[in-house]
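Asker:
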Amino acid sequence: MSKMSSRQARRMAARRINRRSFLKLGGVATLGMAGLSLVGCGGGSSTSGGSDSGDVTIGMLNYEDWMGEDEVSDFQAESGVTVKQYPTPDGGDSAWVNAVSKDDGVYDLALAGIIVSTRLKNNDLLADFDADKVPNLKYVGDTYIEQYPYGIPVEQGKVGFIYNTDLIDTPPATWEELLKNSGDYEGGIILPGFDGDVIDSALLALGLDINTSSTDDITAAKDLLISIKSNIKSFLDSGAADTVADGSAAIAVGYDYEFASTAPDAPNLAWYIPDEGTFGYLDGWVPLAKSKHLDEVYDFMNFHLDPDNYADFIDTTAASWIEEDIKDDLDEEIADCDSLQPYEGKVTYQQFVAGEITEAKTEAFQEIQNA
Amino acid sequence: MLGMRERVLLMVPETLFDVLLLTIPLCFVVLYSFWTIDLTTLEVTPDFSLGSYAAIMKPIYLTALGRSLLITVATVAGTILLGFPLAYFISQCKGKLQVVLLVLIMVPFWTSFVIRAYAWTSLLAPTGMVNQMLTFLHVIPEHTDLRYTDTAIIIGMVYSYLPEMVLPLYATLEKLDTNLFDAAADLGRSTASTFFTIAVPESKAGIAAGCLLVAIPALGEYTIPAILGGGKTLMIGNVIASEFITTGNYSRGAALATMLLAIVVMLIVVSRIISSRKKVA
Chain A
1 MSKMSSRQAR RMAARRINRR SFLKLGGVAT LGMAGLSLVG CGGGSSTSGG
51 SDSGDVTIGM LNYEDWMGED EVSDFQAESG VTVKQYPTPD GGDSAWVNAV
101 SKDDGVYDLA LAGIIVSTRL KNNDLLADFD ADKVPNLKYV GDTYIEQYPY
151 GIPVEQGKVG FIYNTDLIDT PPATWEELLK NSGDYEGGII LPGFDGDVID
201 SALLALGLDI NTSSTDDITA AKDLLISIKS NIKSFLDSGA ADTVADGSAA
251 IAVGYDYEFA STAPDAPNLA WYIPDEGTFG YLDGWVPLAK SKHLDEVYDF
301 MNFHLDPDNY ADFIDTTAAS WIEEDIKDDL DEEIADCDSL QPYEGKVTYQ
351 QFVAGEITEA KTEAFQEIQN A
Chain B
372 MLGMRERVLL MVPETLFDVL LLTIPLCFVV LYSFWTIDLT TLEVTPDFSL
422 GSYAAIMKPI YLTALGRSLL ITVATVAGTI LLGFPLAYFI SQCKGKLQVV
472 LLVLIMVPFW TSFVIRAYAW TSLLAPTGMV NQMLTFLHVI PEHTDLRYTD
522 TAIIIGMVYS YLPEMVLPLY ATLEKLDTNL FDAAADLGRS TASTFFTIAV
572 PESKAGIAAG CLLVAIPALG EYTIPAILGG GKTLMIGNVI ASEFITTGNY
622 SRGAALATML LAIVVMLIVV SRIISSRKKV A
């Protein structure tokens with residue numbers, strides 16, 4: 001989650017400026033962004049935070065509106081507990097850790113990916129998670145529970161090959177094929193604009209572990225990417241799917257949510273998960289060490305994972321879900337969207353290995369940019 | 372007439388504002404550059420160390436800095452070339468037309484900087500308006516993609532910083548004694564000759580102010596290279612952003628920011644020295 005903050009901000013921007021809200025806003029100011037970020041596979045309007053009327057109020061550090069449309073109000077009606085949401089800070093992982101560490105007990109739980117959760121754990125900022133207090137965790141796939149021991153996993157994001165079917169008949173089957181044949185694709189290939197993602201793409205192409213602790217592996221990945229840099233059209237953190245759809249590039253490595261937002265208006269776009277699998281992030285909710293309302297936090301977590309409420313969450317956020325059984329309850333365009341399927345077992349999640357490894361990946365990406 | 376006491380009192384709010392929101396934060400940036408950070412826990416230890424400065428003396432950072440300087444020079448040159456005739460024209464207009472033109476210069480400020488940068492990705496796309504016009508004029512071959520290049524970065528930066536050049540130039544040109552132009556015309560000077568022999572030399576202060584207003588933010592720019600450069604060009608602003616946001620290495624980020632700050636301060640001091648010497652001469 002090295003760049004989660006900016007990535008998440010863009011992801012949310014992509015969803016927030018969806019067709020419905022665009023019509024609501026009707027704003028000239030959003031016109032420039034509209035072409036980049038109209039949302040297709042689902043999306044939805046926002047929810048509000050709770051009022052202060054309950055006996056107990058729990059505070060949650062959360063992406064703005066990253067909640068089921070009626071979830072907070074329904075939980076309050078059912079339990080009498082008010083949930084007050086606070087926006088996550090800008091400024092990356094460190095800002096996240098700082099926000100929690102400087103908190104005086106306002107936050108009881110937080111949305112956090114694996115990497116931030118690990119950093120919070122390293123700083124003793126997490127409460128020990130008691131899975132027995134969240135019975136609805138049984139609806140979540142085992143893979144996600146194993147990968148996210150800090151709290152409840154709630155959604156994921158993964159990269160895949162987004163390609164233009166007018167320009168490519170059969171997509172590359174593997175990461176190695178994509179990078180080895182990168183010179184064959186008209187306009188060049190597009191890679192994600194996040195350093196970890198760029199290096200991880202090359203690590204997979206070399207048959208290496210994306211969560212390697214070896215700087216030699218990272219150097220090998222960097223060398224591979226420098227050798228094909230002339231075939232890389234750009235490193236984009238948004239707009240990759242649009243660029244492929246308009247034919248400026250034949251193929252991109254892009255996130256599921258970006259494909260989901262563009263594909264409904266671009267019938268020439270297709271999504272493919274490489275044979276050896278892909279990588280991504282897993283977000284979840286974690287209980288915080290300073291919380292004085294852990295019982296209410298667990299109640300809210302359990303409420304969130306109830307299939308009906310969880311489906312509401314996915315319908316609202318158009319995220320890639322992790323409860324297999326809710327598919328029939330989802331909006332059709334989300335349920336049928338290729339990229340948002342769970343692909344359980346095919347996604348390796350990015351972990352926090354060590355601060356030095358994060359920095360090594362950043363420096364490797366800078367050297368690629370500089371080459 | 373205000374007395375000394377009243378004058379000092381009037382200065383208090385602005386001084387407080389400057390100290391609280393500018394000086395103290397800048398001092399923290401400099402302090403952080405000498406402190407150490409544990410990249411695993413992100414804990415900062417206030418032990419004096421030059422480690423971050425040693426770490427930034429790598430060729431990659433110096434190359435990024437050099438590239439940023441070159442792109443800044445190109446941006447400043449571009450804004451002067453486009454901005455000077457524009458400012459001159461506006462200064463020669465009268466009444467409502469002049470007001471309308473000035474408003475048009477400032478209108479882009481009312482929309483987000485990021486949205487304006489993204490708008491250029493559409494304009495510079497193979498099917499974009501700019502490309503189609505250049506293709507029509509046979510300047511570039513058909514289906515050329517101007518996005519994700521250094522040229523795109525410079526175009527985006529010239530566009531974004533043009534008002535910062537036009538406004539100080541206009542302010543200077545507007546104060547020029549128009550009798551000088553009339554005299555030049557009476558003496559048989561052409562408009563072009565008048566422009567180069569009177570308008571340009573007489574507006575050096577405006578040019579200098581415009582250059583500083585454009586160069587300072589351009590040197591640390593990271594949004595436009597990320598959007599229009601497609602992340603393929605490394606500028607010093609991108610490196611600083613990465614250190615703070617991605618790795619959380621505040622110390623190294625602060626050392627890079629301090630180095631950039633020192634360069635900017637040096638630029639300002641040099642320009643002040645040059646202008647004061649000219650005044651003396």
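Taken in sequence, the protein lines are chains A and B. 1 is the number of the first residue of the first sequence in this note's numbering; add one for each residue after it. 372 is the number of the first residue of the second sequence in this note's numbering; add one for each residue after it. Virtual Cβ for every residue (Gly too), placed ideally from N, Cα, C.
For S234 (chain A), count neighbouring Cβ atoms within 10 angstroms of its own Cβ and tell me buried if that reaches 16, exposed if not.
Answerer: Numbered from its first residue, the first sequence carries residue 234 (chain A) at position 234. Buried.
Asker: Where does D93 (chain A) sit, in a helix, a strand or coil, going by DSSP?
Answerer: As a first step, residue 93 (chain A) must be located in the first sequence, where it is residue number 93. D93 (chain A) falls in the helix class under three-state DSSP.
Asker: Compare the Cα-Cα distances from S101 (chain A) to each of A:A289, A:E146 and A:S248 and report the closest residue.
Answerer: The residue you call residue 101 (chain A) lines up with position 101 of the first sequence. Among A:A289, A:E146 and A:S248, the Cα nearest to that of S101 (chain A) is on A:A289.
Asker: Would you kindly check if the distance between the Cβ of V83 (chain A) and the Cβ of F300 (chain A) is under 8 Å?
Answerer: Reading the first sequence from its first residue, position 300 is the one you call residue 300 (chain A). Reading the first sequence from its first residue, position 83 is the one you call residue 83 (chain A). Going by C-beta atoms, F300 (chain A) is nearer than 8 Å to V83 (chain A).
Asker: Does the region 62–82 of chain A come within contact of the region 261–276 of chain A, defined as at least 3 CB pairs closer than 8 Å?
Answerer: Verdict: no, contact absent.
Asker: Starting from F300 (chain A), follow the alpha helix (DSSP H) in both directions and report where the run begins and ends.
Answerer: Translated into positions along the first sequence, residue 300 (chain A) becomes position 300. From DSSP, the alpha helix (DSSP H) with F300 (chain A) extends over L294 to L305.
Asker: From what residue to what residue does the alpha helix (DSSP H) around W285 (chain A) run?
Answerer: Looking up residue 285 (chain A) in the first sequence gives position 285. No alpha helix (DSSP H) contains W285 (chain A), which is instead part of the beta strand (DSSP E) from T278 to P287.
Asker: What residues from chain A crowd round G581 (chain B), counting only those whose CB sits closer than 7 Å?
Answerer: Working through the second sequence from its first residue, we reach residue 581 (chain B) at position 210. Correct list: empty, because the minimum Cβ distance to chain A is about 27 Å.
Asker: Relative to the C-alpha of F161 (chain A), which candidate in A:Y144, A:L294 and A:G280 has its C-alpha closest?
Answerer: Taking the first residue of the first sequence as position 1, residue 161 (chain A) is located at position 161. The shortest Cα separation from F161 (chain A) among A:Y144, A:L294 and A:G280 belongs to A:G280.
Asker: What residues match up with T482 (chain B) in a beta bridge as DSSP calls it?
Answerer: Sequence index remark: in the second sequence, residue 482 (chain B) carries index 111 (1-based). For T482 (chain B), which the question treats as bridged, DSSP gives no partner whatsoever.
Asker: Taking 8 Å as the cut-off, decide whether the C-beta atoms of I524 (chain B) and I442 (chain B) are in contact.
Answerer: Position 153 of the second sequence, counted from the start, is the residue given in the question as residue 524 (chain B). Position 71 of the second sequence, counted from the start, is the residue given in the question as residue 442 (chain B). Closer than 8 Å, so yes.
Asker: Could you have a look at N62 (chain A) and say whether DSSP puts it in helix, strand or coil?
Answerer: In the first sequence, residue 62 (chain A) corresponds to position 62, counting from 1. Note: N62 (chain A) maps to strand in three-state DSSP.
Asker: Would you mind stating whether A270 (chain A) and G188 (chain A) have Cβ atoms separated by less than 8 Å?
Answerer: One-based indexing of the first sequence puts residue 270 (chain A) at position 270. One-based indexing of the first sequence puts residue 188 (chain A) at position 188. Not a contact, by the Cβ cut-off of 8 Å.
Asker: Could you tell me whether the Cβ atoms of I598 (chain B) and Y489 (chain B) are closer together than 8 Å?
Answerer: On the second sequence, position 227 is the one that residue 598 (chain B) refers to. On the second sequence, position 118 is the one that residue 489 (chain B) refers to. Taking 8 Å as the Cβ cut-off, I598 (chain B) and Y489 (chain B) qualify as a contacting pair.
Asker: Using beta carbons (cut-off 8 Å, strictly below), is K233 (chain A) in contact with chain B?
Answerer: Residue 233 (chain A) sits at position 233 when you count from the first residue of the first sequence. Closer than 8 Å to some Cβ of chain B, the Cβ of K233 (chain A) qualifies, so yes.
Asker: Please report the straight-line C-alpha distance between Y459 (chain B) and K546 (chain B), rounded to a whole angstrom.
Answerer: Along the second sequence, read from residue 1 onward, the residue named residue 459 (chain B) stands at position 88. Along the second sequence, read from residue 1 onward, the residue named residue 546 (chain B) stands at position 175. Answer to the nearest angstrom: the Cα atoms are 11 Å apart.
Asker: Assuming contact is defined by CB atoms lying nearer than 8 Å, are Q351 (chain A) and I115 (chain A) in contact in what I supplied?
Answerer: Stepping through the first sequence from its first residue, residue 351 (chain A) is reached at position 351. Stepping through the first sequence from its first residue, residue 115 (chain A) is reached at position 115. A contact, by the Cβ cut-off of 8 Å.
Asker: Whose C-beta lies closer than 7 Å to the C-beta of L457 (chain B) among residues of the same chain, with five residues either side of it excluded?
Answerer: As a working mapping, residue 457 (chain B) is identified with position 86 in the second sequence. Hits under 7 Å: V537.
Asker: Classify Q85 (chain A) as helix, strand or coil using the three-state DSSP reduction.
Answerer: Numbered from 1 along the first sequence, position 85 holds the residue referred to as residue 85 (chain A). It is a strand residue.
Asker: Helix or strand or just coil, what does DSSP make of D74 (chain A)?
Answerer: Position 74 of the first sequence holds residue 74 (chain A). The answer is helix: DSSP assigns D74 (chain A) an H, G or I state.
Asker: Please classify M528 (chain B) as buried or exposed, where buried requires at least 16 other C-beta atoms within 10 Å of its C-beta.
Answerer: Counting from 1 along the second sequence, the entry for residue 528 (chain B) is found at position 157. It counts as buried.
Asker: Taking 8 Å as the CB-CB cut-off, is K24 (chain A) touching chain B?
Answerer: Residue 24 (chain A) sits at position 24 when you count from the first residue of the first sequence. Bear in mind that the predicted position of K24 (chain A) carries a pLDDT of just 34, short of 50, making it unreliable; the figure below should be weighed with that in mind. Not closer than 8 Å to any Cβ of chain B, the Cβ of K24 (chain A) fails to qualify, so no.
Asker: Could you confirm whether any beta carbon from chain B is found closer than 8 Å to the beta carbon of E359 (chain A)?
Answerer: If you number the first sequence from 1, residue 359 (chain A) lands on position 359. Yes, E359 (chain A) counts as interfacial toward chain B.
Asker: Report the rounded CA-to-CA distance for P89 (chain A) versus Y63 (chain A), giving the unit in angstroms.
Answerer: Here residue 89 (chain A) refers to the residue found at position 89 when the first sequence is read from its first residue. Here residue 63 (chain A) refers to the residue found at position 63 when the first sequence is read from its first residue. Cα-Cα distance, rounded: 9 Å.
Asker: Between the region 335–369 of chain A and chain B, which residues of the former have CB atoms less than 7 Å from a CB of the latter, in chain order?
Answerer: Taking 7 Å as the Cβ-Cβ cut-off against chain B, the residues of the region 335–369 of chain A that qualify are A354, G355, E356, T358, E359, T362, Q366, E367 and Q369.
Asker: Does the Cβ of K650 (chain B) have 16 or more other Cβ atoms within 10 Å, making it buried, or fewer, making it exposed?
Answerer: Here residue 650 (chain B) is taken as the residue at index 279 of the second sequence, counted from 1. Classification for K650 (chain B): exposed.
Asker: Sorted by chain position, which residues of the same chain lie with C-beta nearer than 6 Å to G185 (chain A)'s C-beta, five sequence neighbours on each side aside?
Answerer: Reading the first sequence from its first residue, position 185 is the one you call residue 185 (chain A). According to the sequence shown, residue 185 (chain A) is Tyr rather than Gly. Excluding residues within five positions, the ones whose Cβ falls inside 6 Å are A250 and I251.
Asker: If you reduce the DSSP assignment to three classes, tell me which class N231 (chain A) lands in.
Answerer: For this step, residue 231 (chain A) is matched to residue 231 along the first sequence. N231 (chain A): helix per DSSP, three-state reduction.
Asker: Tell me, please, whether the CB atom of F615 (chain B) is closer than 8 Å to any CB atom in chain A?
Answerer: For the purposes of this step, residue 615 (chain B) is identified with residue 244 of the second sequence, where counting begins at 1. So, interface residue.
Asker: Do we get a CB-CB distance below 8 Å when we pair G92 (chain A) with the residues of chain B?
Answerer: Taking the first sequence and counting its residues from 1, the one referred to as residue 92 (chain A) is at position 92. Cβ-Cβ to chain B under 8 Å: yes for G92 (chain A).
Asker: With which residues is F161 (chain A) paired in a DSSP beta bridge?
Answerer: Stepping through the first sequence from its first residue, residue 161 (chain A) is reached at position 161. Note: F161 (chain A) sits in a beta bridge opposite A:V253 and A:Y272.
Asker: Whole angstroms is fine: what's the gap from I607 (chain B)'s alpha carbon to S439 (chain B)'s?
Answerer: Translated into positions along the second sequence, residue 607 (chain B) becomes position 236. Translated into positions along the second sequence, residue 439 (chain B) becomes position 68. Spanning the two alpha carbons is a distance of roughly 6 Å.
Asker: Quick one: what does DSSP say I322 (chain A) is sitting in, helix, strand or coil?
Answerer: Locating residue 322 (chain A) in the first sequence gives position 322, counting from the first residue. Looking at I322 (chain A) - three-state DSSP - the assignment turns out to be coil, as it is neither helix nor strand.
Asker: According to DSSP, is A523 (chain B) part of a helix, a strand, or is it coil?
Answerer: For the purposes of this step, residue 523 (chain B) is taken as residue 152 along the second sequence, with counting starting at 1. Three-state DSSP puts A523 (chain B) in a helix.
Asker: Take F313 (chain A) as the anchor and find which of A:D74, A:D128 and A:A371 has the nearest alpha-carbon.
Answerer: Position 313 of the first sequence, counted from the start, is the residue given in the question as residue 313 (chain A). Of the listed residues, the one whose Cα sits closest to F313 (chain A) is A:D74.
Asker: Please go through the same chain and pick out, in chain order, the residues whose beta-carbon is closer than 8 Å to the beta-carbon of I232 (chain A), but skip the five residues on each side of it.
Answerer: Your numbering for residue 232 (chain A) matches position 232 in the first sequence. So the qualifying residues of the chain are S182, G188, I189, I190, L191 and L225.
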